[in-house]
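Chains as they are written, first to last, in my numbering: chain A, 17 to 423; chain B, 17 to 423.
Below you'll find the structure, written out as structure tokens, and then a few comments.
Put into structure tokens, the structure is as follows:
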């Protein structure tokens with residue numbers, strides 16, 4: 017007997033017919049004697065429909081109300097899946113995030129899990145029931161409903177796997193696993209058999225949006241091995257995200273991540289003295305602008321240039337904040353470019369092995385892709401390039417690092 | 017300053033534009049300094065859509081899951097109305113039935129309110145917020161979501177009015193109040209200025225489905241005066257349901273109620289001995305068949321006839337139950353008629369004033385309406401007639417009892 021957590025995303029539960037197919041799969045697991053918890057997202061485009069409803073009321077919905085509104089999408093799926101299991105003769109029960117004991121911070125729209133009180137979950141599993149948990153949501157101390165942000169059902173699944181000490185955590189999605197690059201951009205891309213947590217995080221936060229980054233972080237923190245596989249092809253293995261990569265796997269480029277659309281803001285001639293960065297980035301954070309890469313150039317005559325990237329949708333807000341920060345940082349020239357993208361090579365051990373960066377830069381040069389900015393981490397090298405050159409950059413790097421070959 | 021409870025039904029909140037109009041009304045009450053609680057139903061046909069979703073999964077949805085599914089409809093409306101108030105600069109908060117402290121029995125689909133824990137409600141009102149409560153739902157001791165059955169938002173509103181000791185409870189609907197008869201059937205029907213609780217109950221349970229009967233019962237029990245008015249015409253007075261009718265109002269026919277479709281089952285030649293009725297009606301109750309009128313004829317040679325009415329949708333089930341009860345009651349001839357309806361005259365004091373029944377029967381006779389069954393209560397006389405004659409019966413009785421004249 018195993019205790020397993022399944023997670024099914026929106027496209028896997030898009031219609032009642034999809035939901036019945038998921039019920040069939042859960043029924044066979046349950047018949048094996050396994051303890052089964054399934055976490056579900058909202059059906060298909062329901063979350064978008066709920067956003068659209070709110071937009072017809074207001075342009076700035078109260079986050080607390082938005083969270084309660086959005087949480088209903090996952091509730092609907094969970095009840096329908098539970099009904100489908102009953103129809104197959106399987107005892108099942110749907111639980112909201114709150115009923116599943118998921119206690120969160122009171123930061124609406126991007127709440128973090130504080131604690132999972134597993135009494136109800138354990139009780140239902142002990143009664144032999146399949147437990148369906150509405151994903152992406154929890155409850156504050158004051159019994160208000162919170163959500164975790166888009167993709168948050170992954171977080172629910174991995175957190176439950178940790179709290180319930182599950183044997184397996186399987187994320188079923190509409191792709192066959194974690195690819196070496198986005199297959200829509202790069203036809204030679206193929207699913208990886210395995211990937212490390214940190215590599216997955218870099219892939220996730222730099223464009224490969226198969227997994228919610230926070231889910232991967234929780235997986236790493238609690239040592240939960242996560243399998244990502246297709247919900248439409250039961251035979252495919254998918255990709256195992258875990259921490260125990262074999263040694264020879266640890267020293268190569270594992271994948272190419274990319275973002276097609278980012279914007280860049282450069283503040284020129286900023287005085288090079290302590291506190292300047294804080295004066296710039298604190299108000300950006302307060303205004304809710306999420307800053308990605310930050311680069312500060314070497315100082316020339318006590319003046320420096322500061323460059324950072326943001327989502328294009330946040331660009332206007334970012335420019336306003338920078339302008340109103342001139343009181344603190346003095347007059348500065350502000351330049352922006354909304355038509356950029358990023359391409360990254362990701363792999364453990366790149367920092368300790370020379371030549372990865374050089375090969376990346378040469379490949380881009382040979383393909384006439386100009387590099388606008390560079391940033392690196394231990395396991396990632398990212399180049400900011402023109403938006404329209406991102407796809408070509410991904411394909412050429414996929415070739416250059418032989419990613420079409422099996423692991 | 018008054019503390020007021022408003023309730024808005026599905027047609028009053030059918031679209032985001034409707035919801036904004038309701039927000040305008042609540043905003044002006046709030047600006048007056050009143051404490052405002054608004055109870056809302058699901059938007060337009062959302063409840064029907066949720067039923068349809070469940071039907072695509074199973075013909076016999078688990079009641080617990082159905083309740084959680086249906087509860088999302090009211091949650092959506094409550095969050096949107098709260099957002100619309102925020103948009104107008106009014107502090108507001110939406111609460112699920114559970115968050116509003118509504119504790120119920122664990123009878124899914126038709127839970128009854130056990131208790132309302134008003135701490136959260138009082139706290140929000142004290143903070144000056146408009147409180148929006150998702151109608152028709154509550155929570156069991158085990159934190160499971162329950163619903164009260166169709167129309168249950170009325171029950172939420174009246175129960176909150178009682179628990180919060182509100183000054184006013186106003187039910188806004190798509191009609192101008194409680195009519196002397198159904199205006200779709202009887203063009204001369206007009207809204208009543210007032211009606212007693214018991215009269216309203218008879219009107220509600222015998223066909224005038226403007227108010228949920230249980231809401232009226234709670235109103236009577238706790239002495240909550242309930243105003244039913246149009247949500248589309250703010251100038252109209254509507255109808256006040258209360259217990260303090262002036263003396264001369266208490267001795268007349270107040271309205272004509274009707275049901276277009278009922279079915280009748282007659283069991284002929286039943287042995288006339290103790291326990292027979294129990295052997296028949298207990299299994300019907302167990303099978304979930306709601307029996308309306310029951311008539312037992314005088315006994316002839318130790319055999320009697322037993323007749324009862326049910327909803328046409330329950331007729332097949334009722335016949336099955338009756339047939340399988342033959343073990344207990346002996347062989348009997350069972351006759352049924354699915355094409356019947358009822359027409360009732362309703363008014364306090366009819367029992368103590370002779371002549372109402374006679375005038376009713378004569379009116380039906382003069383209009384060639386044959387009476388199939390008769391049943392009476394202190395404040396109601398009901399005739400079962402052919403389904404296709406119901407409308408004509410309503411119109412002729414409305415004329416005969418001068419109901420088109422002002423109160």
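Beta carbons: idealized from backbone N, C-alpha and C, even for Gly.
Remember, predicted model here, so these are calculated numbers, not experimental data.
Starting from residue 32 (chain A), find everything on chain B with Cβ-Cβ shorter than 9 Å and list it in chain order. 69, 70, 71, 72 and 73
If you reduce the DSSP assignment to three classes, tell me which class residue 277 (chain B) lands in. Strand, per DSSP.
Whose Cβ in chain B lies nearer than 7 Å to the Cβ of residue 115 (chain A)? 159
Minimum Cβ-Cβ distance from residue 414 (chain B) to chain A less than 9 Å: Residue 414 (chain B) does not count as touching chain A.
Is residue 102 (chain B) close to chain A? Criterion is C-beta to C-beta, closer than 9 Å. yes
Of the residues that make up the region 74–95 of chain B, which ones have a beta carbon closer than 7 Å to any beta carbon in chain A? 74, 77, 78, 81, 84, 85, 88, 91, 92 and 95
Under 8 Å by beta carbon: chain B residues contacting residue 35 (chain A): Neighbours of residue 35 (chain A) on chain B, chain order: 73.
Sufficient close CB pairs (3 or more, under 8 Å) joining the region 203–218 of chain B to the region 138–158 of chain B: no
Establish whether the CB of residue 169 (chain A) and some CB of chain B are separated by less than 9 Å. no
Is there at least one Cβ from chain A nearer than 9 Å to residue 112 (chain B)'s Cβ? yes
Determine the DSSP secondary structure at residue 142 (chain B), reduced to helix, strand or coil. helix
Best match in A:276, A:141, A:127 and A:116 for proximity to residue 133 (chain A) [C-alpha to C-alpha]: A:116
Tell me which residue opens and which closes the beta strand (DSSP E) that residue 51 (chain B) is part of. 51–56
Helix, strand or coil: which one does DSSP assign to residue 366 (chain A)? coil
Where does residue 95 (chain B) fall in DSSP's three states? DSSP, read as helix, strand or coil, puts residue 95 (chain B) in helix.
By the three-class DSSP mapping on this structure, what secondary structure does residue 228 (chain A) have? coil
In the DSSP assignment, find the unbroken beta strand (DSSP E) run with residue 210 (chain A) in it and report its ends. 210–212
CA nearest to the CA of residue 67 (chain B), picked from A:99, A:374, A:248 and A:413: Per the C-alpha coordinates, the member of A:99, A:374, A:248 and A:413 positioned closest to residue 67 (chain B) is A:99.
State yes or no: is the C-beta of residue 160 (chain B) within less than 9 Å of the C-beta of residue 188 (chain B)? no
Alpha helix (DSSP H) segments (min. 4 residues) lying fully within the region 370–408 of chain B: You should have 372–382.
Residue of B:69, B:209, B:284 and B:406 minimising C-alpha distance to residue 421 (chain B): B:209
Among A:319, A:276, A:335 and A:311, which has the Cα closest to the Cα of residue 300 (chain A)? A:335
At a Cβ cut of 7 Å, what residues of the region 205–216 of chain B count as close to chain A, listed as they run along the chain? Those residues of the region 205–216 of chain B that come within reach of chain A (Cβ to Cβ, closer than 7 Å) do not exist; the list is empty.
CA nearest to the CA of residue 95 (chain B), picked from A:87, A:352 and A:257: A:87
List the endpoints of the continuous beta strand (DSSP E) containing residue 260 (chain B). First-last for residue 260 (chain B): undefined, no H or E at that position.
Strictly by DSSP, which residues pair up with residue 202 (chain B)? Partner residues in a beta bridge of residue 202 (chain B), as assigned by DSSP, do not exist.
Along chain B, which residues have their Cβ under 8 Å away from the Cβ of residue 98 (chain A)? Within chain B, the residues whose beta carbon sits less than 8 Å from that of residue 98 (chain A) are 78 and 81, listed in sequence order.
Proximity of residue 119 (chain A) and residue 164 (chain A) at Cβ, strictly below 9 Å: No. Outside cutoff.
In whole angstroms, give me the CA-to-CA distance for residue 235 (chain B) and residue 131 (chain B). C-alpha separation (whole angstroms): 15 Å.
Helix, strand or coil for residue 48 (chain A), going by three-state DSSP, please let me know. coil
Indicate whether residue 269 (chain B) and residue 361 (chain B) have their beta-carbon atoms separated by less than 9 Å. yes
Which stretch, first to last residue, makes up the alpha helix (DSSP H) that contains residue 333 (chain B)? 331–340
Do the region 313–330 of chain B and the region 281–291 of chain B touch if we need at least three Cβ pairs shorter than 8 Å? yes
Considering residue 120 (chain A), what are the terminal residues of the alpha helix (DSSP H) in which it resides? Where residue 120 (chain A) is concerned, there is no enclosing alpha helix (DSSP H), although the beta strand (DSSP E) it sits in stretches over 118–120.
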